[in-house]
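S.K.: Protein chains in written order, with the working numbering: chain P, 1 to 372; chain D, 1001 to 1372; chain C, 2001 to 2372; chain L, 3001 to 3372.
The C-beta atom is built at its ideal place from N, Cα and C for all residues, glycine as well.
Being a predicted model, the structure only gives us computed values, none of them experimental.
Supplied in structure tokens, the structure appears directly below.
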């Protein structure tokens, strides 16, 4: 078919002590129309590699699809995290020097909102959107280039990715959990879109900026919409951002990646980024909960954990999540402890190791969940 | 002399995967009067060990002093960080599992303020203070004991230390920088006290809670005072908290520790926690700046750093902070780069290693500084 | 039944910077006869935790069995490695300060052999065995107590465990691979015993000391036998040591642990440590290869690995072990690489992470294997 | 002057998971005569960066000197170690995945010796040298290129450096200690050369291969000489290798580096690699000891260490090396412990952190030392 135009660029995002350049590959399909555009990145957290395989399968699929809007794909988004091993595993969730989570370094400048509202109160939606998009881009470029005290290593990477993301209408940040089922972080207002992904569990997130890419790209638009609403004007901006959690970290599976690529293509087709009607969302019970009810459960004790609760299914109150072995107590104490919650939850992911300290996050669970 | 009563307790603050108990030693002198009390802890960050030596010297000194108020001293405050090595160095600034800074896990519940204001608007200062102190204690105990999803490892440690700290009038949290001169974090309202420490550089911090122990113990009282002020009532609460930065990490020096102990005793004598007039603050030029002007300067490039700027003295605009070696550029580029700022600053500390990435924090400096 | 006597001791093996004691629990059943004895330890490598669960199940089973020889069981053998996390995973294969593998620090003093040969050339086997056992014990105690320059952290732990191990006739050191099938390290001369474990793959190891516990406990006896043989005397010493690899690291499964416990009990019953005939080895094809043919295959390139080869089954020459994704090459190079060997092998284990550098150990395989 | 010819090459030594290339810069001066050649590398251990600054100063000096033999200089020899941080420090002494010391991965194939002896017993020294040099090169190239199971990451780096080193007559591997005075590792037979370095302390090492670069380059020649000697022929091969320990890790100082560069130039001038008589070794008392008497002293207890013993000066028996603080024992035990040896030693270096476990290497010392 070959009615596509794939280009590749290598983006410089930093340098190491030896002078080694930190680079990120950027793939772009030019859309054939002015349909909405999408930005997709993977592997911001070093161990969360499955997204790279999904981008591989997306590229393979897209070469045979009719592409209407621009599509930008960035695998290996974080060249520091991607290559940082300690022992056999990839220590890639936070900057090893500072401890700051690589996905908490994006930028949101609330001060950009009010001037747009004031200047464009009576403009067309198209004008408002263009102006605000430009303001977001100018601001991020300003952060990158004009800061006498400089930027942290992580900010420099994040801001350059964000510069790409701000140019798109839809943003998908591909992550994974530690040992995890698939789940989706979705802004509350975009709830309707969640059903186009083949993902059973969705976390609905509010308009609070905590530094992640999805927030950094949808919070400005949500805030803008609210600011216009206060002035009595309803905006219908078609901007959405999702964090797509693809399963477990430290592994890639190209066959599963093809399924995930199709799930994403279903969303892109629904949004008109690609043409056709080939992709139909799978029928499944989709559960959701609000972010405040997506709970981390911290271990009440140290020990060795046999994880019992299955992912994705409601677990009745009192049913054990784990049993914890404490061999030091054998003979003069309890060597085996069954731990449960006294309310119904859906387990979504659990910790990556059997060895936990008192206070290690054991499971993350949906509480107060409902069908989407 | 021996008119003291020193007691020791071992506080259990957690347990590891093997079941090994995490414990913290707590030393207490019972004051002979109802003079104000002080809480002093050290080594919350694993590599910042000099505070333990200072507590040693404080104990040695206090045995021969007249103690009026209760004094609680906690060395080795963080048994996880203290023992966590990676390579030869102590990786103790953040939880190695989560990356969260150990000194950003304390607790401040703003919701406690308003009920006190309403209930005690016309009470005596003593009653207000007693009620609020109890509220702070009840709240932290509640956090420790009644949380169905549990606490993180760091919160459990921090909250138990905070429970001790809330019982004192003055709080000193002993830290160090990486490679660093001595400096003091001081709440803006307690500026007058800064001159009783033998420390040349003071950072004045506002009433913003960012999770540190000093903030967790003075912000509630500052907020309470402000809330009463809004109701037209001026409170004079005598509560102060400081983070005392004792110099460089990864080293102890018992002789220097004796000097630092005397500096602290000077403050305690000024505050009436100990009797006498033995301790007189040293005469020195004391510089201060506001927290917003205490700047981290991030490396504009990767390389190997020869740190040139001396600590503690104003450095003229344009004078080099560092020269950075880039051997990979020798012969076909610039191998040596001199880096400066275009404004006058006082360098306070620098990074612990010569090897830096682009974006690594090189120096922290006072800008917009003034004499105290 | 309760005709057992289980005792528990807490052995002190070191102390951390904070003064925290490093301890190891030691469980002992006193045998009812002078039948041979066994020493079983687990978790010398921090992430290899399944052995603790196996010891749990062994203890549960042994309480209801007739115990003829002394049985010593040591879970959590390495209190440093067990608790050492970096990121979510346990960095427990080597001392984090020095990089030395915890299982390469045991002791073997060849100089002990010759004096025994000379002094006991004409003694009974019982006398020889008693004398050499005592020499091994005296030597290890001497290492522990009389060394003016001291011992490393790991040596101190290892030697104390070895002191226990030298008192037993049979030694089982419970380990796991990274992501792994079950397999057994067995001294060449004890090949017949391998068939009593329910483990399909056995590596036959020569009389070379490389620092591991199994070697440290069988090499002395093997060397002694050879030294007597040179003098024309054949010794029949009934001493065996195995490293039992229980599967994958970073997980425990109590149900699988029960199977593994029964596998070990089958060996113990065969050796007469426990009474009865309850335990029968499972029928299975058992493959073996010599240590020199147990090959690590290092990645010929960096990339993200989709591990394809199944464990435990012969893989034909030319069949892919892995496919390696290299997204940086998409579009202008090969993004997907299938890697194979040109000889038949049996894959036994693979690396724990999908992300590998050029030169990371991808798989360990049996080459030149044969049926046992 | 410019009678030099400096060339630069970028050598590819591996690739990371992201595909990022690992490269090493190689600088070469072509000698004007067939005088002996030298190979100098730095920073094989990631934190030991001062050698890069020394190579910088060597390059600056050499541009103005008359160069007779070929000179190859390799800074940043290990691109993995150089950039590997954990916390603020560089974890660069061992491969973070395997724990193997980067300077224990070089190659020595004893099997090369005997064929040369047999084939060249009656050849000229020049022929023997040429033949053996070629054999060493062929062997290392064979290891790099023809190994069906591949090489580890560290071997691939080491072997490529070794390929460069085997082409030179003299090899200098620039290292540092943790916190350390300058010292020199020198093969016993090259003792006379030690006095041409401005370094007060020399460790004389035997003909044992333990994996380091100096050993990998001098042991073959020493072994060859010994093998010829057994056949009654005395060879006078002019091959020397040194590990030069430049002081402390994690820091560079360009001024000190200039001194060290001059020290190395003194040796090169003595060996005829450069012309002239400009460089004269400094007059100083030079101490030496044999490797077996270069002792690591392991901490007899955990605690916080105040390092007392000065480097480089004989310390009398019974004089304290350290005092160790144990705040957990204050009040009910000994809080302060003075530790000494009961024999005279010269302290050379000490551990990098105040926090030590029982068994951490506190100091390395010369025992049984003598004047060179």
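Residues in the segment 3080-3099 of chain L with C-beta within 7 Å of chain P's C-beta atoms, listed in sequence order?
M.R.: 3082, 3083, 3085, 3086, 3087, 3088, 3096, 3097
S.K.: What is the DSSP secondary structure of residue 218 of chain P, counted as helix, strand or coil?
M.R.: Three-state DSSP puts residue 218 of chain P in a helix.
S.K.: Do residue 3183 of chain L and residue 3051 of chain L have their beta-carbon atoms positioned less than 8 Å apart in this structure?
M.R.: With respect to the 8 Å criterion, residue 3051 of chain L and residue 3183 of chain L are not classified as neighbours on the basis of their beta carbons.
S.K.: Could you have a look at residue 45 of chain P and say whether DSSP puts it in helix, strand or coil?
M.R.: coil
S.K.: Determine whether the beta carbon atoms of residue 2106 of chain C and residue 2190 of chain C lie at a separation below 8 Å.
M.R.: no
S.K.: Could you tell me whether the Cβ of residue 3054 of chain L comes closer than 8 Å to any Cβ of chain D?
M.R.: no
S.K.: Check distances from the C-beta atoms of the segment 8-22 of chain P to those of chain L and list, in chain order, the residues that come in under 9 Å.
M.R.: 16, 17, 18, 19, 20, 21, 22
S.K.: Taking the beta carbon of residue 2 of chain P as the centre, do at least 16 other beta carbons fall within 10 Å, making it buried, or is it exposed?
M.R.: Summary for residue 2 of chain P: the model assigns pLDDT 46, below 50, so the residue's position carries little reliability, and this model does not support an answer.
S.K.: What does residue 2357 of chain C touch in chain L if you count any residue whose Cβ is under 9 Å from its own?
M.R.: 3014, 3015, 3016, 3017, 3022, 3080, 3097, 3153
S.K.: Using the Cα positions of residue 1156 of chain D and residue 1040 of chain D, report the straight-line distance between them to the nearest angstrom.
M.R.: Rounded to whole angstroms, the separation of the alpha carbons of residue 1040 of chain D and residue 1156 of chain D is 19 Å.
S.K.: Does the segment 3052-3072 of chain L come close enough to the segment 3244-3253 of chain L that 3 or more CB-CB pairs lie under 8 Å?
M.R.: yes
S.K.: Need the endpoints of the beta strand (DSSP E) that residue 3009 of chain L sits in, please.
M.R.: 3006-3015
S.K.: Report whether the distance from the Cβ of residue 3199 of chain L to the nearest heavy atom of the ligand GDP is below 7 Å.
M.R.: Absence of the ligand GDP is noted for the structure shown, with no ligands found whatsoever.
S.K.: By Cβ distance below 7 Å, which residues in the same chain neighbour residue 61 of chain P in space, the five residues on each side in sequence not counted?
M.R.: The residues 261, 265, in chain order, have a CB closer than 7 Å to that of residue 61 of chain P in the same chain once the five nearest residues on each side in sequence are set aside.
S.K.: Quick one: grab the DSSP three-state call for residue 53 of chain P.
M.R.: helix
S.K.: Verify whether the separation of the beta carbon atoms of residue 359 of chain P and residue 1014 of chain D is less than 8 Å.
M.R.: yes
S.K.: Would you identify the three-state DSSP class for residue 3286 of chain L, choosing helix, strand or coil?
M.R.: coil
S.K.: Would you say residue 253 of chain P faces chain D, with C-beta separation under 8 Å as the test?
M.R.: no
S.K.: Does DSSP classify residue 3077 of chain L as helix, strand or coil?
M.R.: Residue state for residue 3077 of chain L is assigned as coil, using DSSP reduced to three classes.
S.K.: By Cβ distance, which residues of its chain are closer than 8 Å to residue 947 of chain D, with the 5 residues on each side in sequence left out?
M.R.: The first residue shown for chain D is 1001 and the last is 1372, placing residue 947 of chain D beyond what the model contains.
S.K.: Grouping DSSP H, G and I as helix and E and B as strand, with all else coil, what is residue 1086 of chain D?
M.R.: Three-state result, residue 1086 of chain D: strand.
S.K.: 8 Å is my cut-off, CB to CB: does residue 2368 of chain C come that close to chain L?
M.R.: no
S.K.: Rounded to whole angstroms, what is the Cα-Cα separation between residue 343 of chain P and residue 312 of chain P?
M.R.: 16 Å
S.K.: What are the boundary residues of the beta strand (DSSP E) that residue 306 of chain P is part of?
M.R.: 303-307
S.K.: Look up residue 3273 of chain L in the DSSP assignment and give the residues it is bridged to.
M.R.: DSSP output for residue 3273 of chain L lists no bridge partner at all.
S.K.: To which residues does DSSP link residue 1028 of chain D through a beta bridge?
M.R.: D:1007, D:1072
S.K.: Would you call residue 307 of chain P buried or exposed, if buried means 16 or more other Cβ atoms sit within 10 Å of its Cβ?
M.R.: Its Cβ being crowded by 16 or more others within 10 Å, residue 307 of chain P is buried.
S.K.: When the distance is taken between beta carbons, is residue 2047 of chain C closer than 8 Å to residue 2250 of chain C?
M.R.: Yes, these two residues count as a Cβ contact at 8 Å.
S.K.: To the nearest angstrom, how far is it from the Cα of residue 2120 of chain C to the Cα of residue 2131 of chain C?
M.R.: 8 Å
S.K.: Quick check: the Cα distance between residue 322 of chain P and residue 2028 of chain C, rounded to an integer number of angstroms?
M.R.: 29 Å
S.K.: If the criterion is Cβ atoms closer than 8 Å, does the pair residue 37 of chain P and residue 173 of chain P meet it?
M.R.: no
S.K.: Going by other Cβ atoms of all chains shown within 10 Å of its Cβ, with 16 needed for buried, is residue 2148 of chain C buried or exposed?
M.R.: Exposed, because fewer than 16 other Cβ atoms sit within 10 Å of the Cβ of residue 2148 of chain C.
S.K.: Quick check on residue 1333 of chain D: does DSSP put it in helix, strand or coil?
M.R.: Residue 1333 of chain D: coil per DSSP, three-state reduction.
S.K.: From the DSSP secondary-structure annotation, give me the bridge partner or partners of residue 367 of chain P.
M.R.: Partner(s): none; residue 367 of chain P has no beta bridge.
S.K.: Pull up the DSSP beta-bridge partners for residue 1189 of chain D, would you.
M.R.: The secondary-structure analysis by DSSP pairs residue 1189 of chain D with nothing; it has no beta-bridge partner.
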